[in-house]
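Counting from 1263, one number per residue, gives the positions in the sequence shown under our numbering.
Just so you know, even glycine gets a beta-carbon here, dropped at the ideal spot from N, CA and C.
Owing to the predicted nature of the structure, the values given are computational and were not obtained by experimental measurement.
Beneath this line is the structure, given in structure tokens, with notes to follow.
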Amino acid sequence: MNAKPEPWFSTHAIRIEQPLGIFYAVAIPARMLLDITYTDRLTAVQEGDTYKLRGSQRELRENRLKEIGRYIGTTEAAFPNSIILAANYSLDDGLIVEDESRRWHIEEMDDDDCLRLVIPTSDRLAPVIDGQHRLFGFTEAPSDRLDMPVLCSVFIDLPKPYQAYLFATINSTQKPVDRSQTYELFGYNIDDEPAEEWSPEKLAVFLARKLNTDPGSPFEGRIRVAAENDFSLSRAEARREGRWMVSTATIVDGITRLLTTSPKRDADALRTGKQRAREHLKSEGRKDKAPLRQLYLDVNDKVVLSAVRNFFNAVFRICGSDQAPDSYLTKTVGIHALFDTLRILAASALEEKNFSEEWFTRRLESLGDMNFSIPEFQEASGQGRTLMKNVLFTVIGLETNMNEEKVEEINALIAKARE
């Protein structure tokens, strides 16, 4: 077995659970933070021993940044308040990063049940929710201060609308700020918008809430706001009660990918266009291969909800909704893989104009004799999503891109799961 590569950076972490969800308190050197963070407006680019800002709002912030930079250079410099980050969001398209080799994650350490935050690469995957002036003030500070550790609160996979909510709430309660402007920074408004103006992510959050509260939903009472790792206490408590849980981020990401291949571009277009309705996206003429894109553009949100609800109802009718606590079908990797499956099936269902539970049941019935709790599925900490996706696609007869060796491996796993 190949040795696990050393991460770009890792550090001890303290797990904190509050009503909004779970986050981790960590210390990260300022130099590294400037490499891996961004906002919708600003990024820091290394030039020699220092960093320079690039972005459309630099002129508006320059005086404040210089003031903070001078403070950082003093002997009394201290930042006890944390920088708030939302890990695992791509700078390019705004989607959650799927590649397990790039994703920030929390690991248990061998000693005393301690945790550590693992940052595998220096890719910019962490938008700054709050504290951007303090952080980017380091671009105006002496270079020897770039190694100063900075306290950070890291949310893993926190959905964009919740990032906006947190940002707006923090700023509007601490100092006079136009709450609508703070939401606009993230592409979400604080006031309820007409459904016609919802971005794909905002619609996805709305549908996730519906799935969590509607009677008869396959996810009723099973969706948590913020992501957590499988060993976390709250999830363990749910397992003791015989209930599996899934994060809002997992559901929002799955639904969003049914509607768009670039949520960031859609949100920007809706925010800056003269016509803020989804009709404006139609007029752009951009081709988007997301399977339910046209339903989104036509504001057929009820059909999108029905597609997701009926697909997962079919899954749990066939496989059972009372999955064992160690079942990988209802872990994050399993739900992600099921959404991957839905993205393929949705195109056929749309063509046949049939999103009924019966239609999905016919396509998925071969999953009925699979046991997703066998130890062989515990590869989930590595390539678990790809593994689950290949298993699901193979069992129900969808095309995969596996080589012969991988096909044999997956077929052996399927045979084991059917014993």
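So the beta strand (DSSP E) residue i belongs to, where does it begin and stop?
| i | result |
| --- | --- |
| Q1280 | 1271 to 1280 |
| F1417 | 1411 to 1418 |
| L1554 | Segment: none, L1554 is in no beta strand (DSSP E) and carries neither H nor E. |
| A1466 | First-last for A1466: 1462 to 1475, but that is the alpha helix (DSSP H), not the beta strand (DSSP E). |
| P1389 | 1388 to 1392 |
| E1369 | 1367 to 1370 |
| R1625 | Element bounds for R1625: not the beta strand (DSSP E) but the alpha helix (DSSP H), 1619 to 1626. |
| V1380 | 1377 to 1381 |
Taking the straight line between their C-alpha atoms, what separation do you get for residue i and residue j?
| i | j | result |
| --- | --- | --- |
| P1637 | L1469 | 33 Å |
| F1481 | T1510 | 11 Å |
| A1539 | F1622 | 32 Å |
| I1432 | A1677 | 52 Å |
| R1378 | R1364 | 16 Å |
| G1682 | A1287 | Limits of the chain in this structure are 1263 at one end and 1681 at the other, which puts residue 1682 out of reach. |
| V1577 | S1344 | 42 Å |
| W1366 | E1324 | 31 Å |
| D1355 | L1532 | 15 Å |
| L1521 | E1613 | 16 Å |
| H1274 | L1557 | 45 Å |
| R1396 | Y1351 | 21 Å |
| I1368 | F1400 | 27 Å |
| R1625 | V1657 | 10 Å |
| P1342 | L1282 | 22 Å |
| E1546 | A1349 | 31 Å |
| E1321 | K1549 | Here E1321 scores only 40 on pLDDT, less than 50, and its place in the model should not be relied on; the value that follows carries that caveat. Near 35 Å, if we compare the C-alpha coordinates of K1549 and E1321. |
| M1371 | P1269 | 15 Å |
| G1630 | Q1394 | 50 Å |
| F1639 | T1603 | 18 Å |
| L1591 | S1384 | 31 Å |
| N1673 | S1589 | 19 Å |
| V1412 | S1272 | 14 Å |
| V1653 | D1528 | 33 Å |
| E1279 | K1615 | 43 Å |
| R1293 | N1633 | 47 Å |
| V1669 | T1512 | 27 Å |
| L1447 | L1357 | Below a pLDDT of 50, predicted positions are generally treated as unreliable, and L1447, at 49, falls in that range; no measurement from the model is reported. |
| A1339 | Y1333 | 6 Å |
With burial defined as no fewer than 16 other Cβ atoms inside 10 Å of the residue's Cβ, what is the status of residue i: buried or exposed?
| i | result |
| --- | --- |
| E1627 | exposed |
| S1643 | Annotation note: pLDDT 45 at S1643 (below 50); position unreliable, no value reported. |
| K1544 | exposed |
| C1581 | buried |
| L1495 | The predicted position of L1495 is uncertain, since its pLDDT is 39 and thus under 50; no value can be drawn from it. |
| G1449 | With a pLDDT of 45 at G1449, under the threshold of 50, the modelled position of that residue is not reliable, and no figure is offered here. |
| R1519 | buried |
| M1650 | buried |
| N1507 | Correcting the residue type first, residue 1507 is Met in the shown sequence and not Asn. That one is buried. |
| Q1308 | exposed |
| T1475 | exposed |
| G1335 | exposed |
| S1461 | buried |
| K1551 | exposed |
| A1466 | buried |
| T1299 | buried |
| V1359 | buried |
| N1572 | buried |
| P1389 | buried |
| S1415 | buried |
Under DSSP, the alpha helix (DSSP H) around residue i begins and ends at which residues?
| i | result |
| --- | --- |
| P1291 | First-last for P1291: 1283 to 1291, but that is the beta strand (DSSP E), not the alpha helix (DSSP H). |
| I1346 | Counting along the chain, I1346 falls outside any alpha helix (DSSP H), though it belongs to the beta strand (DSSP E) covering 1345 to 1349. |
Among the candidates the options, whose CA atom is the shortest distance from the CA of residue i?
| i | options | result |
| --- | --- | --- |
| I1346 | R1378, E1309, I1284 | I1284 |
| I1597 | D1515, I1381, H1367, E1546 | D1515 |
| V1561 | S1479, Y1286, E1541, S1524 | E1541 |
| S1635 | E1459, T1656, D1584, N1663 | D1584 |
| E1661 | L1420, R1605, L1554 | R1605 |
| L1327 | I1418, E1402, V1467 | E1402 |
| P1382 | R1484, E1362, E1279 | E1362 |
With a threshold of 8 Å on Cβ separation, who are the neighbours of residue i within its own chain once the five nearest residues in sequence on each side are excluded?
| i | result |
| --- | --- |
| I1276 | Y1286, A1287, V1288, L1377 |
| E1555 | Sequence check: residue 1555 is Arg here, not Glu. These residues qualify, in order along the chain: L1521, T1522. |
Here's a check: name, in chain order, each residue in its chain whose Cβ is nearer than 7 Å to the Cβ of residue i, leaving out the five neighbours to either side.
| i | result |
| --- | --- |
| A1457 | V1561, D1563 |
With a threshold of 6 Å on Cβ separation, who are the neighbours of residue i within its own chain once the five nearest residues in sequence on each side are excluded?
| i | result |
| --- | --- |
| E1666 | none |
| S1524 | D1355 |
| F1574 | P1480 |
| G1331 | G1399, E1402, A1403 |
| R1647 | V1595, H1598, A1599 |
| R1486 | M1507, S1509 |
| I1391 | I1346, A1348, Q1425, L1428, F1429 |
| G1659 | none |
| E1459 | R1538, A1539 |
| L1473 | S1479, F1481 |
| M1263 | Residue placement at M1263 is flagged as unreliable, the pLDDT there being 44, under the threshold of 50; the coordinate-derived value follows with that caveat. Nothing listed; no residue qualifies. |
| F1617 | S1568, A1569, N1572, A1611 |
Within 8 Å (strictly less), CB to CB, does residue i reach chain C?
| i | result |
| --- | --- |
| A1511 | The structure shown contains no chain C; it holds only a single protein chain. |
At a threshold of 7 Å, does residue i count as lining the ligand NAP (C-beta to nearest heavy atom)?
| i | result |
| --- | --- |
| L1473 | In terms of ligand content, the structure shown is empty, and the ligand NAP therefore cannot be addressed. |
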